[in-house]
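I have placed the structure first, in the form of C-alpha cells, so that the comments after it can refer back to it.
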Amino acid sequence: MQTENTFLKVENLSKSFNLDAPPVFEGINFEIEKGEFVCIIGHSGCGKTTILNVLAGLEDATGGYAYMTGREIKGPSLDRGVVFQGHALMPWMTTLQNVAFAVKSKFPDWSKEKIEEHSRKYLAMVGLVNAENKKPSELSGGMKQRVGIARAFAIEPKMLLLDEPFGALDALTRGVIQDELLKICSETQQTVFMITHDVDEAVLLADKIMLMSNGPNARIAEIVINTLPKNRKRASLHHDPMYYPMRNHLVDFLVNRSKDLQAKGSNGGLEGYQPILVCPGLQTPVTQ
Amino acid sequence: MRKAFLVILPAAAPTILTGMRISMGIAWLVIVAAEMLVGGTGIGYFLWNEWNNLAISSVIFAIVMIGFVGMLLDTAFAKLQKAVSYAD
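Read top to bottom, the protein sequences are chains A and B. The first sequence begins at 0 in numbering that gives the first Met the number 0 and counts up one residue at a time. The second sequence begins at 0 in numbering that gives the first Met the number 0 and counts up one residue at a time.
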C-alpha cells in the first residue's frame, strides 16, 4: 500500500484505559481518501469517540499509529476541524467571536477586518448572520451546533471530524442541518469522518460506512460502500431501490452480527483480521 | 498568551472571584481581631481602647462600622463577580 497517496491512514490502532482490562478496541486499520465522506457506526462503548479523538490528536492511542498526508498525528492541529457532540463553544464570547477566535488561530497574520469578514461568511453559510452578536446561552440547541459547524469549517481544515454532531438535536433541525452539511461538503469536496448512531443519517451522508463490532475488543467488522447514487436527497432517499438493501444490511449488523466478533476477539481468535468489504444490493460480499 | 487571556482567564474568573469574596470576609474578621490583640492602629484597636475607656457609645459605633465596611466590601465583590460571570 502506498502511504503517499492515501490521505488518512490508521494502522493497528488499539486503546485500553486500564492495563488489566481488555482493550476497548484493537487492530483498527483503515484508510480514507481525499474528498471521502466516511461514517462510523457501532454500539455505544465500542470506542468510536476514542478513535475520533485519536484522529483529532486529543487523545493518545495505546498502540498503533495514525497518519494524515503521510505524517503521524501527534496532538491537535488546525488541519483538522472537530465538531463536538455538545457544541463546546466558549460561553463568554459572542457567536462571531467564537468563530473569529478559531480563524485567528489558523491565520494569525490576517487583519481584524479580514478575520471578521471570513467568519461572517461561514456564519452566513449556516444561516446565522442575525445571531452574530448573541452569546451561546441565548441560542437554541440547533443554532449552537451550527455555530460549532461554522467554526470547524471556518479554519478550512483538510479533514473534518464530526462526533455525533446531530445527537442532541430534534428530528426537524437535524434534517435541515444534514442538508446544509451535504451541500457544503459537495461544494468544498471536504474529507469528513463522522460518528453517528442513526442508520438513515449514515445512508444519506456517507460514501463509506464502517461498522464496528461491540467492545471491548472491538474491531472494524465491515466496510460498507454506499451503493446509492451520489446526489442523495433526504426527500427521495427512501424511494431509491438500493435504499432498503443498504439499510437492512446496516440494521442487521447492529442487531444480529455485532456481537459475533467480540467473542472471537477475547480469546485472541482475530489475529490479523481484515474488515470485509460489502456493497449491499449489488453482489455477494467481496472479501478483501 | 492569547490562550491565557481569552480562554483560561475568562473561564476561571467567576471561580477566582468567588474565592476572593470568601477569603475577603475571613480576612476582614481576622484583621479586626488582630488589631484588638496587637493594638496601635485600626478600628479593632479603637474598639478595644474605647471599651477600656468605658465609652460604650463609641464601642457600639465601632461595631456598626465594622459591619458596614464588611458589607460594603462584600457588595463590591458581588458586583465584580456578576460582571465576569457567564451563562452556560
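Cβ coordinates follow ideal geometry from the N, Cα and C atoms, glycine included.
Secondary structure of PHE192 (chain A) (DSSP, three-state): strand.
Along the region 66 to 77 of chain A, there is no position whose C-beta sits under 7 angstroms from a C-beta of chain B. Setting aside the 5 residues that flank it on each side, LEU16 (chain B) is surrounded in the same chain by PHE76, LEU79, GLN80 and VAL83, each with a C-beta closer than 7 angstroms to its C-beta; the list follows chain order. If you draw a straight line from the Cα of MET211 (chain A) to the Cα of THR49 (chain A), it comes to about 13 angstroms.
For ASP87 (chain B), the nearest CB of chain A lies under 9 angstroms from its own CB, placing it at the interface with that chain. Listed along chain B are VAL6, each with a C-beta nearer than 7 angstroms to that of MET89 (chain A).
Between PHE100 (chain A) and chain B, the shortest Cβ-Cβ separation is below 9 angstroms. A Cβ-Cβ separation of about 6 angstroms places VAL31 (chain B) in contact with ILE42 (chain B) under the 8 angstroms criterion. Taking C-beta separations shorter than 6 angstroms and ignoring five residues to either side along the sequence, the partners of TRP27 (chain B) in its chain run GLY69, following chain order. In the three-state scheme derived from DSSP, where H, G and I count as helix and E and B as strand, GLY63 (chain A) is classed as strand.
Taking 9 angstroms as the cut-off, the beta carbon of ASP199 (chain A) is found closer than this to the beta carbon of LEU236 (chain A). Relative to the Cα of ASP197 (chain A), the nearest Cα in the group A:ARG246, A:CYS184, A:THR187 and A:GLY46 belongs to A:ARG246. Under the 9 angstroms criterion on CB atoms, ALA10 (chain B) is classed as interfacial with respect to chain A.
Under a criterion of Cβ atoms nearer than 9 angstroms, the residues of chain B adjacent to LYS134 (chain A) are, in order, TYR85 and ALA86. Bridge pairing for SER13 (chain A): A:GLY62 [DSSP].
VAL250 (chain A) is bridged by DSSP to nothing; it lacks a bridge partner. In the three-state reduction of the DSSP assignment, LEU203 (chain A) falls in the helix class. For PHE165 (chain A), the closest C-alpha among the options A:LYS143, A:THR93, A:LEU51 and A:GLU115 is that of A:LYS143. The C-alpha of MET19 (chain B) is placed about 10 angstroms away from the C-alpha of ALA12 (chain B). As computed with DSSP, ASP162 (chain A) is found in a beta bridge with A:ILE194. TYR85 (chain B) has its alpha-carbon roughly 45 angstroms from the corresponding atom of SER56 (chain B). Runs of the beta strand (DSSP E) lying entirely within the region 79 to 149 of chain A, each at least 3 residues long, are 79 to 82 in chain order. Comparing alpha-carbon positions, the option among A:SER257, A:GLU115, A:ALA201 and A:ALA217 lying closest to TYR242 (chain A) turns out to be A:ALA201. Assignment of ASN28 (chain A) by DSSP, reduced to helix, strand and coil, places it in the strand class. Membership of GLU49 (chain B) in the alpha helix (DSSP H) is indicated by the continuous run 41 to 51.
The Cβ atoms of PRO22 (chain A) and LYS14 (chain A) sit closer than 9 angstroms to each other.
Short of 7 angstroms from the beta carbon of ALA55 (chain A), and not among the five residues preceding or following it, lie these beta carbons of its own chain, in chain order: PRO75, ARG79, VAL81 and LEU160. In the three-state reduction of the DSSP assignment, LEU16 (chain B) falls in the helix class, which pools H, G and I. The alpha carbon of LEU181 (chain A) has as its nearest neighbour, out of A:ILE40, A:ASN17 and A:LEU203, the alpha carbon of A:LEU203. When Cβ pairs closer than 8 angstroms are counted between the two stretches, the region 208 to 224 of chain A is seen to touch the region 249 to 256 of chain A, the count reaching three or more. Between THR195 (chain A) and MET158 (chain A) the beta-carbon gap is near 17 angstroms, outside 8 angstroms, which marks them as no contact. Looking only at A:PHE192, A:THR226 and A:GLN188, the smallest Cα-Cα distance to VAL53 (chain A) is reached by A:PHE192.
For VAL6 (chain B), there is no enclosing beta strand (DSSP E), as DSSP marks it with neither H nor E. ALA217 (chain A): not part of any beta strand (DSSP E); DSSP gives it neither H nor E.
Looking from the CA of TRP91 (chain A), the closest CA among A:LYS111, A:ALA99 and A:SER136 belongs to A:SER136.
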